[in-house]
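Peer 1:
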Amino acid sequence: MSLIYAAAGISALETATAMGMPVALAPIDSAFERLHENGLRLIVAADGLYIEARSSRLYALRRVAPCVTPFGSVAARLLLRAGPLPRALLDTFSQMAQTAHPREAAALAISRDGSRYELHVPPANGQAGRITYDDTGYADDDMVFDLHSHGPFSAVFSATDDASDRSRGVPHISIVLGNCKSPSTIACAARLCAGPYLLNLSKQDISEILQ
Numbered sequence: 001m002s003l004i005y006a007a008a009g010i011s012a013l014e015t016a017t018a019m020g021m022p023v024a025l026a027p028i029d030s031a032f033e034r035l036h037e038n039g040l041r042l043i044v045a046a047d048g049l050y051i052e053a054r055s056s057r058l059y060a061l062r063r064v065a066p067c068v069t070p071f072g073s074v075a076a077r078l079l080l081r082a083g084p085l086p087r088a089l090l091d092t093f094s095q096m097a098q099t100a101h102p103r104e105a106a107a108l109a110i111s112r113d114g115s116r117y118e119l120h121v122p123p124a125n126g127q128a129g130r131i132t133y134d135d136t137g138y139a140d141d142d143m144v145f146d147l148h149s150h151g152p153f154s155a156v157f158s159a160t161d162d163a164s165d166r167s168r169g170v171p172h173i174s175i176v177l178g179n180c181k182s183p184s185t186i187a188c189a190a191r192l193c194a195g196p197y198l199l200n201l202s203k204q205d206i207s208e209i210l211q
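Start counting the sequence shown at 1; every next residue gets the next number (full-length UniProt numbering).
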């Protein structure tokens with residue numbers, strides 16, 4: 001691969017960093033080619049810096065920082081190989097969260113064959129304000145949605161959530177439910193997690209990843 005550093009020489013650390021997070025310029029006249037292999041890539045585009053993420057189950061292209069450059073334009077994307085998450089699965093987890101209240105609950109929406117989702121509920125120890133669980137029993141690439149609840153607290157991602165989402169080896173969507181006392185109070189927040197980048201999803205985004 002070609003490495004572009006503003007340096008006379010390139011260290012082993014710099015080479016490894018660039019290979020783990022390559023940078024590409026968005027084409028001006030040519031067609032944009034998506035990342036072909038699983039991994040992460042930064043794209044410098046006309047309106048800012050984008051993170052491009054790919055796994056066996058998910059493809060995303062989202063802006064992480066605005067700026068003006070002379071390069072081409074790209075369009076944000078969030079594509080799920082198995083399609084949107086069925087609301088019935090989210091409703092099932094919502095019921096789990098309400099039953100567990102004021103303790104936290106956790107589950108994963110995985111797609112073993114890339115065509116449909118199933119709810120994976122690991123053995124867990126949920127308390128008010130924290131939860132630990134057995135994070136095994138599935139292939140990393142099959143995990144698409146990471147679901148957990150915050151019991152009586154708001155649907156806001158915590159510093160613990162940040163560390164957990166960044167520790168996962170594949171891009172995924174994280175969903176948190178808050179105010180879980182009853183169906184009338186429960187709230188939801190979601191974000192795309194791609195390496196170090198945690199990008200909040202809008203209500204419109206959430207409506208598009210649920211069916």
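Where is the CB? At the ideal position from N, CA and C, for every residue including glycine.
Ser-73: which of Ser-115, Leu-49, Pro-84 sits nearest, CA to CA?
Peer 2: Per the Cα distances, Leu-49.
Peer 1: With DSSP collapsed to three states, give me the class of Thr-185.
Peer 2: DSSP places Thr-185 in coil when its eight states are reduced to three.
Peer 1: Report yes if the CB atom of Ala-88 is closer than 8 Å to the CB atom of Met-96, and no otherwise.
Peer 2: It is not a contact, given that the beta carbons lie outside the stated cut-off.
Peer 1: From the DSSP secondary-structure annotation, give me the bridge partner or partners of Asp-110.
Peer 2: Note that residue 110 is Ile in the sequence shown here, rather than Asp. Answer by DSSP bridge pairing, in chain order: Glu-118, Met-143.
Peer 1: Would you call the CB atoms of Leu-119 and Asp-165 closer than 8 Å?
Peer 2: Contact flag unset, no.
Peer 1: Name the DSSP beta bridge partners of Pro-66, please?
Peer 2: Paired residues: Gly-48.
Peer 1: Specify, as a first and last residue, the run of the alpha helix (DSSP H) that Gly-20 falls within.
Peer 2: It spans 12 to 20 - the alpha helix (DSSP H) in which Gly-20 sits, taken as one unbroken run.
Peer 1: For Ala-100, which residues from the same chain have a beta carbon less than 8 Å from its beta carbon, with the 5 sequence-adjacent residues on both sides left out?
Peer 2: The answer, listed in chain order, is Gly-126, Ser-149, Gly-151, Cys-180.
Peer 1: Please state whether DSSP places Ser-149 in a helix, a strand or coil.
Peer 2: DSSP places Ser-149 in strand when its eight states are reduced to three.
Peer 1: Quick one: measure Cβ to Cβ for Ala-189 and Val-156, integer angstroms, because I've assumed they're closer than 8 Å.
Peer 2: With a Cβ gap of about 7 Å, Ala-189 and Val-156 count as contacting.
Peer 1: According to DSSP, which residues form a beta bridge with Tyr-59?
Peer 2: Arg-54, Leu-79.
Peer 1: Under the three-state reduction of DSSP, which class applies to Ala-35: helix, strand or coil?
Peer 2: Note that residue 35 corresponds to Leu in the displayed sequence, not to Ala. Three-state DSSP puts Leu-35 in coil, outside helix and strand.
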